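K.L.:
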Amino acid sequence: MTVINREKNGIPSSLTPEEFGQHMNMLNLDDIPPERRKMAIIDHMMRVAASNITDPMAAAELSQAWLSRKAKR
883 MTVINREKNG
893 IPSSLTPEEF
903 GQHMNMLNLD
913 DIPPERRKMA
923 IIDHMMRVAA
933 SNITDPMAAA
943 ELSQAWLSRK
953 AKR
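Going by the numbering used here, the first residue of the sequence shown is number 883, and it counts up by one from there.
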């Protein structure tokens, strides 16, 4: 069995899990149709994550991935 240390491979961020939860709670899904809510949650999560990553290269890569994903829709 192989053990993977995901924390070691993680991207450095200034966001704590509690702060991440607070940011995710700020998302208002009332005006979003049910079929679009999954993508709205993913978009919000990507925005929160990209804005709090301390490594500029990793933040740029995540932002680029988010924008390319948005363009495909």
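For every residue, glycine included, the Cβ atom is placed at its ideal position computed from N, Cα and C. Small disclaimer: the values here were computed from a predicted structure and weren't measured.
1. If contacts are defined as beta-carbon pairs under 8 Å, then Pro894 and Asp937 qualify, I think. What distance do you get, rounded to the angstrom?
2. With H, G and I counted as helix, E and B as strand and the rest as coil, what does DSSP make of Ile914?
3. Determine, using beta-carbon pairs with one atom in the stretch 901-910 and one in the stretch 923-931, whether at least three such pairs fall under 8 Å.
4. Within its chain, find whatever has a CB closer than 7 Å to the CB of Ser945; leave out the 5 residues flanking it on each side and keep chain order.
5. For Ile924 and Trp948, I'd like the C-alpha separation in whole angstroms.
6. Under the three-state reduction of DSSP, which class applies to Ile935: helix, strand or coil?
P.N.:
This is what the structure holds:
1. Under the criterion of beta carbons closer than 8 Å, Pro894 and Asp937 qualify as touching, at roughly 5 Å.
2. DSSP places Ile914 outside both helix and strand once states are collapsed to three, so it counts as coil.
3. Between the stretch 901-910 and the stretch 923-931 there are three or more inter-stretch CB-CB distances shorter than 8 Å, so the stretches are counted as touching.
4. For Ser945, where only same-chain residues beyond five positions count, the Cβ hits under 7 Å are Ala932.
5. Answer to the nearest angstrom: the Cα atoms are 9 Å apart.
6. Strand at Ile935.
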